[in-house]
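Residue numbers (the numbering used here), protein chains in the order written: chain L, 1 to 369; chain C, 1001 to 1369. Backbone N, C-alpha and C fix where the C-beta goes; we use that ideal spot for every residue, glycine too. I have placed the structure first, in the form of structure tokens, so that the comments after it can refer back to it.
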DNA sequence: ACTATTTATTTCGATATCGAAATAAAGCTG
DNA sequence: CAGCTTTATTTCGATATCGAAATAAATAGT
């Protein structure tokens, strides 16, 4: 049933809580405090955990606060899309050690990208901390067991790529793969705005539009691993080019790519114009925002999530994008009391994906006895 | 973390598997066979389980098959909507003991219904088996902890009704509440067509349209307990009455009620006409079916379920309803390989809800030591 | 300073679980 | 039929966990 050992549950729990003690852990994991004492002592002995003291304490013996021992090792995370690749290394307590980003050459093919991934892993690797695992946040679809990249249309040759096997063979540590947006959702869950939220959806708007879904506190991947791929959601829009009537895929209405193409500008231009409240740009963004808003309201009907986190460059545009999006959701759900989710934009910055990928490896890490 | 005791996990596992032994159980629950032996022996001692012999066995010592001891007690399940109420009692091995159905009087109010629930519980109660729990499948919305009926518009006065407390006070056994459609989903999961399926959605089409959702093998209720309430899903339909353009709630397009109203016939008439392939009826049903199909295809984009189970009277109409529904889903998802769910109609009959409610109580039942 | 109170942790005997080996109960083979 | 193979279950000493009581370390009150 639950194959994780108690040791690993303890480490996970300590990461998730802000500050916790033996007794608190025992309560949370449903284990006797005496047993927890034994386990924690051993983990400290092994250099996995360490103790610090609580500040500000009321009556009663103050707890010894437990935290991951940063010296226990490092994890590396890589995140990329067709244009740019980010790498980070973090220590065992999830603090950033090094980071490195680089633009991918135009028309880089799958082999090139695999090479660059390896170079960046070497570049961010920190001397003198044992490497414990590598997480890769990759664009496009994955196989069900998350060992291969199945397909990504913006990198030539990116088809059925056994990325896990390849990278594992080179660095000889556990390698974990997951889709870009799902990794962003994990990042929000572990150190973003959804830390205390059991049911939420992370909507990533970049070249395409995808979602990462956490339900009952767990990542949901779907039967074939395709859950959350809403890029082809049918929208009855008046498109920018076409005349009317028939439905268009959401990705062609509201993705960053669709917006840039319809305005014929660069991302930087777009963001600048939006901040200057350029009429036309505001209008186009508003239209995209309400399309996304309408889809979010429908998702809310099915899943009744507590929170929606918007990721990608557009999430930074409060007035021009987030506001019309929220308004549309509110309007669409006006007849349903209590269904309105909290809508926020990500605060994690451009390294979010890479940090999340590192966290993926870190959370999957298991103490082998 | 996992507060259920091993004893209860064992009983649950035995119910779910078709035939299992000590060793199989040990494997499934991740427990040493020796420990399992001790536990199972005690449960047999207590009269909770019993042994039988396996038939047809190859080489090796044949296992002693374990099953719930039907004599250990009984559970009662009640299921109702505005028109009719069903009650069943089942023994500890989930075999039907007694059942009883009755029409609710027109304009019955909440108090009347609560009275009738109690009468039917008494009517189906089986002499000489200890009553261990009662499950209630109720229409409308529930509070998050599933203790109260919040609102159901077709029964006057059905507002914030503390049904759990009331029934528990009368019969002095644990009482469990859950929404109608969710109970149907549980029934499909436990003894219907979704027994081996981790991710599926049960769509109930009666007066309204709702869904019960199982993800990662668990019922999903949503943040406020409102997940799956797709009755107000906006459909850009040409309605039967209205002229055009604006969107209508799914419930007004495709529910049994909407169909009956637009044709001005009774359920029985509708089913009969559909079997006789009446032109107009077939046309109306086809329109409703493709509306539901379109919503299912959108749900599939988000959740990528393995299976969709259709419940309610229309599910029996293969040609007139299920076929156009499947076609519409296939058409809408044609561009996405591998996303198409298996679509089936329920096989559980009109007692499904009541049996599911009894099973709800039975699965929640816990051996108190 | 001393005592009561509160909360965290440890101690220690009782109990539960584990794991490896032994035993049991079949079929199969010559 | 005797011996071999296979699978299920039980035995039994080692280890892990539990629970209640004891101890530790703080604050609050007198």
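Could you spell out the range, first to last residue, of the beta strand (DSSP E) harbouring residue i?
i: residue 355/L; result: Note, residue 355/L: premise wrong, no beta strand (DSSP E); alpha helix (DSSP H) at 352-364.
i: residue 35/L; result: Careful: residue 35/L lies outside any beta strand (DSSP E), inside the alpha helix (DSSP H) at 33-45.
i: residue 1180/C; result: Here residue 1180/C belongs to no beta strand (DSSP E); instead the alpha helix (DSSP H) covers 1180-1191.
i: residue 77/L; result: 74-80
i: residue 210/L; result: 209-215
i: residue 296/L; result: Counting along the chain, residue 296/L falls outside any beta strand (DSSP E), though it belongs to the alpha helix (DSSP H) covering 279-303.
i: residue 1275/C; result: Element bounds for residue 1275/C: not the beta strand (DSSP E) but the alpha helix (DSSP H), 1267-1275.
Using a Cβ cut-off of 7 Å (strictly closer), state whether residue i contacts chain C.
i: residue 224/L; result: yes
i: residue 304/L; result: yes
i: residue 179/L; result: no
i: residue 420/L; result: Lying outside 1 to 369, the shown extent of chain L, residue 420/L is not represented and no answer is given.
i: residue 375/L; result: Because chain L is modelled from 1 through 369, residue 375/L falls outside the range shown and cannot be assessed.
i: residue 233/L; result: yes
i: residue 227/L; result: yes
i: residue 182/L; result: no
i: residue 255/L; result: no
For residue i, decide whether its Cβ has a neighbour in chain L, counting only Cβ atoms nearer than 7 Å.
i: residue 1413/C; result: No information on residue 1413/C is available, as it lies outside the stretch 1001 to 1369 that chain C covers here.
i: residue 1338/C; result: yes
i: residue 1189/C; result: no
i: residue 1236/C; result: yes
i: residue 1313/C; result: no
Kindly list, in the order they appear in chain L, the residues whose Cβ is closer than 7 Å to that of residue i.
i: residue 1218/C; result: 216
So, under 8 Å CB-CB, residue i and residue j are touching, yes? Tell me the CB distance rounded to an integer number of Å.
i: residue 1360/C; j: residue 1178/C; result: 6 Å
i: residue 1070/C; j: residue 1093/C; result: 4 Å
i: residue 345/L; j: residue 310/L; result: 5 Å
i: residue 123/L; j: residue 149/L; result: 22 Å between Cβ atoms; not a contact.
i: residue 209/L; j: residue 201/L; result: No, residue 209/L and residue 201/L are not in contact; Cβ-Cβ is about 12 Å, not under 8 Å.
i: residue 1254/C; j: residue 1077/C; result: Their Cβ separation, rounded to whole angstroms, is 28 Å, which puts residue 1254/C and residue 1077/C out of contact at 8 Å.
i: residue 1016/C; j: residue 1141/C; result: The Cβ separation is near 29 Å, so there is no contact.
For the alpha helix (DSSP H) containing residue i, list its first residue and its last residue.
i: residue 1332/C; result: 1323-1332
i: residue 110/L; result: 110-124
i: residue 102/L; result: Per DSSP, residue 102/L belongs to no alpha helix (DSSP H); it is in the beta strand (DSSP E), 96-103.
i: residue 1252/C; result: 1250-1254
i: residue 170/L; result: 163-171
i: residue 1051/C; result: Taken as a continuous stretch (DSSP letters only), residue 1051/C belongs to no alpha helix (DSSP H), being part of the beta strand (DSSP E) at 1049-1053.
i: residue 1091/C; result: Element bounds for residue 1091/C: not the alpha helix (DSSP H) but the beta strand (DSSP E), 1084-1091.
i: residue 11/L; result: 6-16
i: residue 27/L; result: 22-29
Applying a beta-carbon distance threshold of less than 9 Å, which residues of chain C neighbour residue i?
i: residue 207/L; result: Per Cβ cutoff of 9 Å: no residues; residue 207/L is ~18 Å from chain C at best.
Name, please, each residue of chain C whose Cβ falls closer than 7 Å to the Cβ of residue i.
i: residue 21/L; result: Chain C residues near residue 21/L: none, gap ~17 Å exceeds 7 Å.
i: residue 335/L; result: 1232
Are three or more beta carbon pairs between the region 157-168 of chain L and the region 178-191 of chain L nearer than 8 Å? no
Take every Cβ of the region 324-340 of chain L, pair it with every Cβ of the region 286-297 of chain L, and state whether three or more of those distances are shorter than 8 Å. yes
Determine, using beta-carbon pairs with one atom in the region 1012-1027 of chain C and one in the region 216-226 of chain L, whether at least three such pairs fall under 8 Å. no
Measuring CB atoms only, is the region 292-308 of chain L touching the region 1230-1237 of chain C, in the sense that at least three cross pairs come out at less than 8 Å? yes
Three CB pairs or more closer than 8 Å across the region 1148-1161 of chain C and the region 1263-1270 of chain C: no
Are the region 104-124 of chain L and the region 1028-1046 of chain C in contact at 8 Å, needing three or more beta carbon pairs? no
Taking contact to mean at least 3 C-beta pairs separated by less than 8 Å, is the region 38-48 of chain L in contact with the region 62-81 of chain L? yes
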